[in-house]
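K.L.:
My structure is below; once you've seen it, I'll send some questions.
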Amino acid sequence: MKIYLDGKLVDEADAKVSVFDHGLLYGDGVFEGIRLYGGNIFRLEEHLERLEYSAKAILLPIPLSRAELSKATCETCRANGLTDAYIRLVVTRGVGDLGLAPWLCPKPSLFIIASKISLYPKEYYENGLAIVTVPTRRIGPAALPATIKSLNYLNNILAKIEAKQFGALEAIMLNDQGYVAECTADNVFIVHKGEILTPGASQGALKGITRSTIIDIAHELNIPLRETDMTRYDIWCADECFLSGTGAEVIPVVKLDGREIGAGKPGPVTQRVLASFRKRVLIEGTRI
Ligand code: PMP
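For the sequence shown, my numbering gives the first residue as 1271, with consecutive numbering after it.
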């Protein structure tokens, strides 16, 4: 496998970063997870824009321009002969000393991995996921805005571990006020009385690229969609629930904490959104 690392495509065995890299020492860096479908990178510009905003928010200069980033991402896919892949684009603060100070890291590091992804098994798309609410809360915006896709995922990792301990693959994370924020790696949606509802970024949701695709799909399908504050009550009483993410795509949820949601099977709105999403990924995108 070829990895793009600081301007060069190198063999996987040579793709090494220093133990003094602050991405490793402190989680000081930002990243994107992107999909390649049939030779087209899905919503590349939106991912690069989010990466730029994440980097700007932590005052991290990205060593490449938007056009150069786009070219490097396409090149990495081509170099590996891939037509369907998961792309991981990472910018770290780079090498510094053992102190926190980012200003002592003269050069950010940038690497791109294009590889296979392990997806949820097909049956979950047909029958839906059973998820749980976990005790670990989403970090509040005053500590670290959820809109920054940073290398600090420990909060989500703790939630993921708790989900596994409760026998679930995904988990609802509440914010400090008890409102639904998002899942460990997915945004959350419910359908209630014909409307699609999702928590806003101010409640601790990442502005997911799949989420923004769903907003477009809802518009196209003439299904009303709005951002709203949401508690577990809203999920308990919802007609349908589904999650969205680059890896998960659109996946139905049929149970929360052992309670059935709606009819206890993937609902019609979820199925329409999922079908429309699957069509879009094949026609939209940047040719590599
Ligand atoms: N929330 C979190 C915490 C995430 O890490 C992700 C990305 N996997 C998402 C939501 C979904 O975002 P996207 O649709 O851009 O992948």
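All C-beta atoms in this analysis are idealised placements derived from N, C-alpha and C, irrespective of residue type, glycine included.
Starting from ILE1409, trace the beta strand (DSSP E) both ways and give me its first and last residue.
P.N.:
From DSSP, ILE1409 is part of no beta strand (DSSP E); its letter is neither H nor E.
K.L.:
Taking just the CA atoms, how far does SER1482 sit from ILE1505?
P.N.:
Between ILE1505 and SER1482, the C-alpha separation is close to 21 Å.
K.L.:
Tell me SER1472's beta-bridge partners as DSSP assigns them.
P.N.:
None; SER1472 has no bridge partner.
K.L.:
With distance defined between alpha-carbon atoms, name the residue in ILE1553, LEU1370, ILE1273, VAL1289 nearest to GLU1282.
P.N.:
Considering only alpha carbons, the answer is ILE1273.
K.L.:
Contact defined as beta carbons within less than 8 Å: I believe LEU1424 pairs with ILE1521. What is the distance between those atoms, to the nearest angstrom?
P.N.:
At roughly 24 Å, the Cβ-Cβ gap does not stay under 8 Å, so LEU1424 and ILE1521 are not in contact.
K.L.:
On the DSSP bridge list, what partners appear for ASN1310?
P.N.:
BP columns for ASN1310 point to TYR1307, ARG1557.
K.L.:
Taking the alpha carbon of LEU1318 as the reference point, which residue from LEU1526, GLY1474, ASN1426, GLY1478 has its own alpha carbon closest?
P.N.:
Comparing Cα positions, the closest option is GLY1478.
K.L.:
Give me the residue from LEU1513, PHE1290, SER1546 with the minimum Cα distance to ASN1376.
P.N.:
It should be pointed out that residue 1376 corresponds to Pro in this sequence rather than to Asn. The residue with the shortest Cα to Cα distance from PRO1376 is PHE1290.
K.L.:
Does the beta-carbon of ASP1284 have 16 or more other beta-carbons within 10 angstroms, so that it is buried, or is it exposed?
P.N.:
It counts as exposed.
K.L.:
For THR1362, which residues in the same chain have their Cβ closer than 6 Å to its Cβ, ignoring the five residues on either side in sequence?
P.N.:
Cβ within range, chain order: ASP1291, GLY1293, GLY1299, SER1379.
K.L.:
Pick out the complete alpha helix (DSSP H) segments inside the region 1454 to 1538, 4 residues or longer, and give them in chain order.
P.N.:
Whole alpha helix (DSSP H) segments, 4+ residues: 1479 to 1490, 1502 to 1506.
K.L.:
For a test of the three-state rule: what should DSSP assign to THR1353, helix, strand or coil?
P.N.:
THR1353: coil per DSSP, three-state reduction.
K.L.:
Can you determine whether any heavy atom of the ligand PMP sits closer than 7 Å to the C-beta of GLY1277, and answer yes or no?
P.N.:
No, the Cβ of GLY1277 stays beyond 7 Å of every heavy atom of the ligand PMP.
K.L.:
Go ahead and pull the three-state DSSP assignment for VAL1551.
P.N.:
It is helical.
K.L.:
Which residue's Cα is closest to the Cα of LEU1526: LEU1439, LEU1306, LEU1329?
P.N.:
Of the candidates LEU1439, LEU1306, LEU1329, the one whose C-alpha sits nearest the C-alpha of LEU1526 is LEU1439.
K.L.:
Quick check: does the Cβ of GLY1517 come within less than 7 Å of any heavy atom belonging to the ligand PMP?
P.N.:
Under cutoff, so the answer is yes.
K.L.:
Count the other CB atoms within 10 Å of the CB of SER1388; is the residue buried (16 or more) or exposed (fewer)?
P.N.:
So SER1388 counts as exposed.
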